[in-house]
Amino acid sequence: MSTKSSGDETTPWLTADEERAWRAFRRMVAAVQAGTVRDLGAVGLSEPDYEVLSTLSERPGRTSSLHEQAAKMDWSRSRLSRHATRMEERGLLRREPDPTDGRGCLLVLTDHGFDTLAAAAPAHVASVRRHFVDRLTPEDLAALEAIARKVEGPEG
447 MSTKSSGDET
457 TPWLTADEER
467 AWRAFRRMVA
477 AVQAGTVRDL
487 GAVGLSEPDY
497 EVLSTLSERP
507 GRTSSLHEQA
517 AKMDWSRSRL
527 SRHATRMEER
537 GLLRREPDPT
547 DGRGCLLVLT
557 DHGFDTLAAA
567 APAHVASVRR
577 HFVDRLTPED
587 LAALEAIARK
597 VEGPEG
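Per our numbering, the sequence shown starts with residue 447, numbered consecutively.
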């Protein structure tokens, strides 16, 4: 909605250019995400599965606290805990007590989880290239990175 509604003079409505940019951004994110999610599904993983596995693979000992992983994914601990339970049932990770947090646990990437990630990674990278990277110039990528840094930073 780009016009003022019934007497609301304080809302800074989007200009036509701002609204077009916002909607284009939303369509871009949805299109890229739909493509990469579909491609990950073809190799038996969800997007959150892949994020958990790839993050754990990069950590010392292939281990992260549930709290750290939830913060990285911007999920609640309970949501990640439920997801981790499903991943644990599939043998992708295991839980261990967190010695620094009596109420928490550590998520540990299993060998099966690492092998699953290693098998999925080439398809995922190809998907990211097909749906995103290869459609942009190096200048586009640099501009997009600069924009993302501005948007993801603290609110001013």
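Glycine included, each C-beta is placed from N, C-alpha and C at the ideal position.
No experiment lies behind these values; they were computed from the predicted model shown.
I need the straight-line Cα distance from residue i to residue j, nearest angstrom please.
{"i": "residue 486", "j": "residue 515", "result": "20 angstroms"}
{"i": "residue 569", "j": "residue 489", "result": "8 angstroms"}
{"i": "residue 499", "j": "residue 476", "result": "23 angstroms"}
{"i": "residue 529", "j": "residue 595", "result": "29 angstroms"}
{"i": "residue 573", "j": "residue 581", "result": "12 angstroms"}
{"i": "residue 509", "j": "residue 586", "result": "35 angstroms"}
{"i": "residue 517", "j": "residue 465", "result": "31 angstroms"}
{"i": "residue 571", "j": "residue 555", "result": "20 angstroms"}
{"i": "residue 558", "j": "residue 474", "result": "34 angstroms"}
{"i": "residue 637", "j": "residue 469", "result": "Since the first residue of the chain shown is 447 and the last is 602, residue 637 is not available in this structure."}
{"i": "residue 538", "j": "residue 547", "result": "23 angstroms"}
{"i": "residue 495", "j": "residue 462", "result": "39 angstroms"}
{"i": "residue 562", "j": "residue 544", "result": "25 angstroms"}
{"i": "residue 448", "j": "residue 455", "result": "Residue placement at residue 448 cannot be trusted, given a pLDDT of 48 that sits under 50; the coordinates are not used to answer."}
{"i": "residue 602", "j": "residue 565", "result": "Caution is warranted here: a pLDDT of 48 is assigned to residue 602, below 50, making its placement in the model unreliable, and the coordinate value is therefore given only provisionally. Looking at the two C-alpha atoms, the distance is approximately 42 angstroms."}
{"i": "residue 588", "j": "residue 575", "result": "15 angstroms"}
From which residue to which residue does the alpha helix (DSSP H) around residue i run?
{"i": "residue 473", "result": "462 to 488"}
{"i": "residue 595", "result": "584 to 598"}
Excluding five sequence neighbours on each side, which residues of the same chain lie with their C-beta closer than 6 angstroms to the C-beta of residue i?
{"i": "residue 541", "result": "551"}
{"i": "residue 478", "result": "577, 578"}
Quick one: what's got a C-beta closer than 7 angstroms to residue i's C-beta in the same chain, skipping five residues either side?
{"i": "residue 527", "result": "512"}
{"i": "residue 492", "result": "486"}
{"i": "residue 503", "result": "555, 560, 563"}
- Item | Any alpha helix (DSSP H) of 4 or more consecutive residues that is wholly inside the region 492 to 560 | If only complete runs of 4 or more residues are kept, the region 492 to 560 shows the alpha helix (DSSP H) at 493 to 504, 512 to 519, 523 to 535, in order along the chain.
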